[in-house]
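First comes the structure, then the notes that go with it.
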Amino acid sequence: MEICAIDVCRRCTRRIAEVYELEAICRLYRVIFQARHIRAKIEDAVNIGFQSIKIASMLRNFSLRLDLMPDLIFALIQLNRLAEAASLLHELEFTSQLDSDKTSRIWYYALCLDFQLDTGFTVIPYEMCQIFVREEEENFVTLRDPRSKNRIYTSLWLWCIRYDEWEHSKSYSKTLKNCDMINERETPCSVYTRLKRLEGFLITLVHRMDIKNIYAITSTYAEIHALMTKLEKDIQLVKLLKPRFLLLKAYYRQIRYRDDSCFRILNQALSMAEKMQDKNTYEWIVHLQMVWSNAISPIQRDYWIEHCRYNLIDWHESDGMSKKQTVMYSLPLPKF
Numbered sequence: 000m001e002i003c004a005i006d007v008c009r010r011c012t013r014r015i016a017e018v019y020e021l022e023a024i025c026r027l028y029r030v031i032f033q034a035r036h037i038r039a040k041i042e043d044a045v046n047i048g049f050q051s052i053k054i055a056s057m058l059r060n061f062s063l064r065l066d067l068m069p070d071l072i073f074a075l076i077q078l079n080r081l082a083e084a085a086s087l088l089h090e091l092e093f094t095s096q097l098d099s100d101k102t103s104r105i106w107y108y109a110l111c112l113d114f115q116l117d118t119g120f121t122v123i124p125y126e127m128c129q130i131f132v133r134e135e136e137e138n139f140v141t142l143r144d145p146r147s148k149n150r151i152y153t154s155l156w157l158w159c160i161r162y163d164e165w166e167h168s169k170s171y172s173k174t175l176k177n178c179d180m181i182n183e184r185e186t187p188c189s190v191y192t193r194l195k196r197l198e199g200f201l202i203t204l205v206h207r208m209d210i211k212n213i214y215a216i217t218s219t220y221a222e223i224h225a226l227m228t229k230l231e232k233d234i235q236l237v238k239l240l241k242p243r244f245l246l247l248k249a250y251y252r253q254i255r256y257r258d259d260s261c262f263r264i265l266n267q268a269l270s271m272a273e274k275m276q277d278k279n280t281y282e283w284i285v286h287l288q289m290v291w292s293n294a295i296s297p298i299q300r301d302y303w304i305e306h307c308r309y310n311l312i313d314w315h316e317s318d319g320m321s322k323k324q325t326v327m328y329s330l331p332l333p334k335f
């Protein structure tokens, strides 16, 4: 059906004169992008996504561009096409000034945070995202796309957890309790946000095990189990994110059991990520295999922590086409 639709559109463009016809093609391409992305055909999705962006730009239809850009940027990060992702982020920053509400602006800061969380490279530092939220959050009440609010608070919360800033994370956690993330429909965007929540809960579990807070450990287990049950259903539809879910599932087993089952799950995730061309998740899995096998130096293990707050690595250092390896975060394990 997708191929037939694209073929019809290409034949029609030779005689199209009306703006509404081009707009219809642009919307169709956007739907095809979303369908391909959710099925883990990332390269094919990106190709048609750029065509949709091009038509929207030609029409000066900023609404269509803004609707597509967050998912397209995420897909580019998955492919480790970091220069293109950063370029689109800068376009998003500029275009968001034409938006009627704060949705696109929020997406810009949220995706800049995700860029750093997922690759170790920095477009803008965490502190700038923090200041933006502090100054603008009273305008977050009515948004065209509430998912943007969920994502930025989740990414801020996760960043604080990775850096053991537990008091700061609590303020974001309070806001997230009022966000209805569980009932969001199963899209790559919403499921990815839930995966970030799961990562944060798992790191929190490790921290609470280290300080031996039994009550907090029990409540964290309950949150993890509820979220994992939801995600098990999500990935049946959003197959794109199954490798990352399996990565976090392996992490959960490594926290609890420290047995070979963790590495069996990681190998399964690695094979899936390679098949899908999800290079970002693939590199994270390889990194974690080395970390949990003690086959990596402390400098390499802690590189993300050392360079995502101070000594920032600018995205330009990815050498344009991502020849420089991304910097992956080392998920911690309990000390005892």
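Residue numbering for the sequence shown is 0 to 335, as defined by numbering that gives the first Met the number 0.
Ideal Cβ placement from N, Cα and C applies to all residues, glycine included.
Here the structure is a predicted model, which means the values were calculated and not measured.
Assigned secondary structure, residue i (DSSP; H/G/I helix, E/B strand, else coil)
i      : result
THR186 : coil
ILE54  : helix
PHE49  : helix
ILE123 : coil
ILE210 : coil
ILE295 : coil
PHE335 : coil
ASP313 : strand
GLN288 : helix
PHE139 : coil
SER218 : helix
Whole-angstrom distance between residue j and residue i, CA atom to CA atom
i      : j      : result
CYS25  : LEU97  : 20 Å
ASP209 : TYR108 : 32 Å
TYR214 : THR203 : 13 Å
SER329 : LEU75  : 22 Å
ILE312 : TRP165 : 25 Å
VAL299 : VAL45  : It is Gln, not Val, that sits at residue 299 in the sequence shown. Cα to Cα, the separation comes out at about 32 Å.
VAL326 : ARG150 : 21 Å
ILE216 : ARG207 : 6 Å
GLN276 : ILE284 : 13 Å
ASP301 : MET68  : 32 Å
ASP144 : SER189 : 11 Å
LEU265 : GLU17  : 51 Å
ALA268 : LYS248 : 10 Å
SER51  : LEU27  : 8 Å
LEU91  : LEU65  : 7 Å
LYS211 : GLU83  : 45 Å
GLU305 : PHE120 : 12 Å
ARG308 : GLN129 : 13 Å
GLU137 : GLN288 : 43 Å
Sequence-distant residues of the same chain with beta carbon closer than 8 Å to residue i, five excluded per side
i      : result
ILE37  : THR186, PRO187, LEU236, VAL237, LYS238 and LEU239
ILE223 : LEU197, PHE200, LEU201, LEU204 and TYR251
The alpha helix (DSSP H) enclosing residue i, as first and last residue numbers
i      : result
VAL30  : 18-37
ASP117 : 102-118
THR153 : 146-161
TYR250 : 241-255
ASP70  : 61-77
CYS261 : 260-275
THR94  : 81-94
beta-carbon residue i near the ligand FMN non-hydrogen atom, thresh 8 Å
i      : result
ARG133 : The ligand content of the structure shown is nil, which means the ligand FMN is not present either.
Chain-order list of residues whose beta-carbon lies under 6 Å from that of residue i (same chain, five-residue window excluded)
i      : result
SER321 : Here the model assigns SER321 a pLDDT of 42, short of 50, so the residue's position is not dependable and the matter cannot be decided.
ASP233 : GLU185 and VAL190
VAL122 : ALA85, LEU88, CYS111, PHE114 and TRP314
TRP158 : TYR125
Contact belief for residue i with residue j at Cβ below 8 Å, rounded distance in angstroms
i      : j      : result
LEU110 : ILE160 : About 19 Å separates the two Cβ atoms, so there is no contact after all.
PHE244 : LEU226 : Not quite, the Cβ-Cβ distance comes to about 11 Å (not below 8 Å), so this is no contact.
SER154 : ASP113 : 6 Å
ALA294 : TYR281 : Contact flag wrong, Cβ pair sits at about 17 Å.
ILE254 : PRO333 : 6 Å
THR94  : PHE61  : 6 Å
Sequence-distant residues of the same chain with beta carbon closer than 7 Å to residue i, five excluded per side
i      : result
THR102 : LEU142, ARG143, ASP144 and SER147
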